[in-house]
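Structure, as structure tokens:
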Amino acid sequence: GHKWEYTILYDPIQEVLQLFGIQAIPETFVLDKDGNIILRHRGYKKGDEELIEEKLKELLPEQECNVEKEPD
161 GHKWEYTILY DPIQEVLQLF GIQAIPETFV LDKDGNIILR HRGYKKGDEE
211 LIEEKLKELL PEQECNVEKE PD
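Just so you know, we're using this note's numbering here: the sequence shown kicks off at 161 and counts up by one.
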């Protein structure tokens, strides 16, 4: 697998959940270098990874974006 570094938040009192208005779990956020939300995706169903990849390609056209699928 990839050795990507990323942050996972643990929010036992749902403070972040309320702050961001999270309505579904999982909820995916992609932030730019300044901390601005550039992509927000609620929930998950099969095929969402392709949708998210396409959105990232639109937002980041000058950079290569590739999502590797996990085996079923």
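Even for Gly, the Cβ is constructed at its ideal location relative to N, Cα and C.
Since we're looking at a predicted model, the values are computed, not measured.
CB of residue i within 7 Å of CB of residue j, strictly
i: R202; j: F189; result: no
i: Y166; j: P186; result: no
Straight-line gap, residue i to residue j (C-alpha atoms, nearest Å)
i: F191; j: K206; result: It is Leu, not Phe, that sits at residue 191 in the sequence shown. Approximately 23 Å, taken between the alpha carbons.
i: E175; j: K217; result: 31 Å
i: Q178; j: K163; result: 31 Å
i: F180; j: E210; result: 24 Å
i: L220; j: I173; result: 34 Å
i: D194; j: D171; result: 23 Å
i: E213; j: A184; result: 20 Å
Paired residues, beta bridge with residue i - DSSP
i: L199; result: V190
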